[in-house]
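Have a look at the structure below before the remarks.
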Amino acid sequence: MDHVKLAHAVLRGHLPPAAALAVEGVALAAAGLVVLTVLNVIRQVLTIRDPTKPPRVFHFVPYIGCAFSYGFDPLGFFERNRDKYGPVFTFPLFGREITVALGALGSNFVLNSPHQIVNAEQAYTNFTTPVFGKEVVYDCPNSVFMQQKKFIKTGLTTENFKRYVPIIADEVRAYLSKKVFLGDNLRKRRLMDPVKAASEITVCTAAATLQGHEVREALDETFAKLIHDLDGGFTPLNFVFPYLPIPSYRRRDRAQAKMREFYLSILRKRGESKEEHYKNGEPLTDVQIAHMMIALLMGGQHTSAATGAWAILRLADNPDFQEKLYQEQVDRYGDGHGGFAPLAYETLQTPLLTAFVKELLRVHPPLHSLFRKVLHDIPIPASVASPATEPHQPKSFHRHNDGGEYVVRAGGYVLATPGFTAVDERVWGRDGKVFRPERWLNGKAAKVAGGEDEGLEDYGWGKISKGGKSPYLPFGAGRHRCIGEAFAMLQISTIVATLVRETRWVLDSPGKFPKNDYTTMIVMPAKPRDVTFTRR
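For the sequence shown, the residue numbers in the working numbering are 126 to 661.
What follows is the structure, given as structure tokens:
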């Protein structure tokens, strides 16, 4: 029965039994949703507020909560609700209660609270374990994860970084020759998707430097397909439903098994298993090492690819600054005959390039929200927010609750959003949302970002700054601060420096800078986003 006949049948009341049942089912479901929505609204209006609980964002649809308003525009969602409720508020998300703590002090509260109370493993294990594998990262006790970080950190030394710079530069040049200009030295122009280009460059450079020549040599189309299938299972849906019987999850699981076997075969060839041990004397198993290698490749790949794509787009949108970066390379590395001295680790961080990368990470941090699961009730410090400072409440409410604290109940989640604070106009001034690398050249931005000296702490993988009170946290803070921070800075700086030496590029649609795509876990540029590369 086609749609027109079905419509006539519905209007006349004449339907086959199966179709009638289907229509009746849809009608009942719609009516049920309306009833539940009305009841949900009534409950919110009539419920007497507990002042020890943060204000709760009003929403219409039960269970789903604020999924759409938060999911499609998280930064706007945070700003609107801060104006309405203050820097701390709770919103429902797929049956979970999420308490947001905005600002630098809010980030410090979430990221530096004791992990026995505010826990990352229970917040992220559904998301990462299907991709990385069992017994690593968030699928093991925190003490074990910290030791795994220490094992990985042994490859992130200054001596290794000195070797990595020329390797990364060679990989970028090879990519430009083979994939951008298709091996044709006479081909001058090529249209490219910057996300595709950045993804392929970053995975090749990470494999060549961090994982060795066997892994890099294996990066053919088959291996790329495995990475793509694993990537397809790296979605927000994992948080709620990590093991659905859907095609993308089946492809993810097959790819995970094949990549695990790939790394196991390399370990068998190298004969390197059982060399590392945990503090309790237990050795790393081959499977754990293989899963750590997958995590090292995939975890950094996502964030670096996003940063690389935004770097290409920002310079495509600002050819003048692109030329300034090129001239800086000429001034610092030029040989006087149109060529360049090789890039070197010791001199890589030139002023303009460093300013560009810092601004890139300020305006385009890969992650806008960082979650923790609350295992025990925890009060929020009054310095972050309190009932007595809530906006739009009568003075009587403030007087009655003076000295009181918000308490986040066990079973809920807390959320830090350093990505919001990094562009907050209350912190950075009226141009806080504007991409302007020059702000880092006069010392003012560095002073804003510097925050308070909070000392060093060793969480089990070496001493690092706690650093939670800064409004500039592109790599997080606390025990879960990104271990690859120094490598990421080196990688993106080398990629950008090599690109400006070899090519110039512009947006395919000048003046139409891509918007943020928040539908993926990592904030990517939305389409259209193509750029046109031209050989220098």
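Here a beta-carbon is modelled for each residue, glycine too, at the ideal position from N, C-alpha and C.
(Q) Using a 10 Å radius around the Cβ and a threshold of 16 neighbouring Cβ atoms, would you call residue 136 buried or exposed? (A) Note that residue 136 has pLDDT 46, beneath the 50 cutoff, so the model's placement of it is unreliable and the number below is only indicative. Counting C-beta atoms within 10 angstroms of its own C-beta, residue 136 has fewer than 16 neighbours from the protein chains shown and is therefore classed as exposed.
Q) Residue ranges of each beta strand (DSSP E) run of no fewer than 3 residues wholly in the stretch 292-358, ordered along the chain? A) Qualifying beta strand (DSSP E) stretches, in chain order: 314-317.
**Q.** residue 199, DSSP secondary structure in three states
**A.** DSSP places residue 199 in helix when its eight states are reduced to three.
Q) What are the boundary residues of the alpha helix (DSSP H) that includes residue 485? A) That run of the alpha helix (DSSP H) goes 476-488.
Q. Which one of 300, 359 and 244 has the shortest CA to CA distance from residue 253?
A. Closest option to residue 253, Cα to Cα, is 359.
Q) With respect to the alpha helix (DSSP H) encompassing residue 432, which residues constitute its N-terminal and C-terminal limits? A) Where residue 432 is concerned, the enclosing alpha helix (DSSP H) stretches over 411-442.
Q | Any chain C beta carbon closer than 8 Å to residue 407 | A | Here there is only one protein chain, and chain C is not present.
Q: Please state if the CB of residue 484 and the CB of residue 565 are separated by a distance shorter than 8 Å.
A: Their beta carbons are under 8 Å apart, which means residue 565 touches residue 484 by this criterion.
(Q) Taking DSSP's pairing of strands, which residues face residue 588 in a bridge? (A) Under DSSP, residue 588 takes part in a beta bridge, and its partners are 583.
**Q.** Contacting residues, own chain, Cβ-Cβ under 6 Å from residue 154 (five flanking each side not counted)
**A.** In the same chain as residue 154, and ignoring 5 residues on each side of it, no C-beta atom comes closer than 6 Å to its own.
Q: Report the three-state DSSP secondary structure of residue 271 (helix, strand or coil).
A: Residue state, collapsed to three classes: helix.
Q | residue 456 burial status per 10 Å Cβ neighbour count (16 or more: buried) | A | It is exposed - the Cβ of residue 456 has fewer than 16 other Cβ atoms within 10 Å.
Q. Alpha carbon to alpha carbon, what distance is there between residue 647 and residue 213?
A. Those two C-alpha atoms are separated by around 24 Å.
Q.
List, from N- to C-terminal side, the beta strand (DSSP E) runs of 3 residues or more that fit wholly inside the stretch 180-256.
A. Counting whole runs of 3 or more residues, the stretch 180-256 contains the beta strand (DSSP E) stretches 213-218 and 221-226.
Q) To the nearest angstrom, how far is it from the Cα of residue 126 to the Cα of residue 187? A) Confidence in residue 126 is poor, its pLDDT being 49 and thus under 50, which makes the residue's placement too unreliable to answer from.
Q: Compare the Cα-Cα distances from residue 636 to each of 645, 655 and 611 and report the closest residue.
A: Comparing Cα-Cα distances from residue 636 to each of 645, 655 and 611, the minimum goes to 655.
(Q) Quick check: the stretch 590-598 against the stretch 568-576, are at least 3 beta-carbon pairs closer than 8 Å? (A) They touch, by the three-pair rule.
Q: Please confirm whether residue 271 and residue 609 have their CB atoms less than 8 Å apart.
A: Contact: no.
Q | Rounded Cβ spacing between residue 535 and residue 500 (contact assumed at less than 8 Å) | A | Indeed, because the Cβ distance is near 6 Å, the residues count as touching under 8 Å.
Q.
Among the candidates 614, 591, 331 and 444, whose CA atom is the shortest distance from the CA of residue 297?
A. Check the Cα spacing between residue 297 and each of 614, 591, 331 and 444: the tightest is with 331.
Q: Following the continuous beta strand (DSSP E) through residue 632, name the residue where it begins and the one where it ends.
A: Where residue 632 is concerned, the enclosing beta strand (DSSP E) stretches over 628-632.
Q.
Let me check you understand the geometry: is the CB of residue 350 closer than 7 Å to at least one non-hydrogen atom of the ligand ATP?
A. Although the ligand ATP was asked about, the structure shown includes no ligands whatsoever.
Q: With DSSP as the reference, label residue 642 as helix, strand or coil.
A: DSSP, read as helix, strand or coil, puts residue 642 in strand.
Q: Can you give me the start and stop residues for the alpha helix (DSSP H) that residue 365 sits inside?
A: Taken as a continuous stretch (DSSP letters only), the alpha helix (DSSP H) holding residue 365 covers 362-365.
Q) Mapping DSSP to helix, strand and coil, what is residue 543? A) Helix, per DSSP.
Q) Can you tell me the Cα-Cα spacing of residue 494 and residue 429, whole angstroms? A) If I take the Cα positions, the gap works out to 17 Å.
Q | Three-state secondary structure (DSSP) of residue 150 | A | DSSP places residue 150 within a helical segment (H, G or I) once states are collapsed to three.
**Q.** Inter-residue Cα distance where the pair is residue 338 and residue 249
**A.** Residue 338 and residue 249: Cα-Cα distance of roughly 31 Å.
**Q.** Inter-residue Cα distance where the pair is residue 704 and residue 318
**A.** An answer regarding residue 704 cannot be provided, because it is not within the stretch 126 to 661 covered by the chain.
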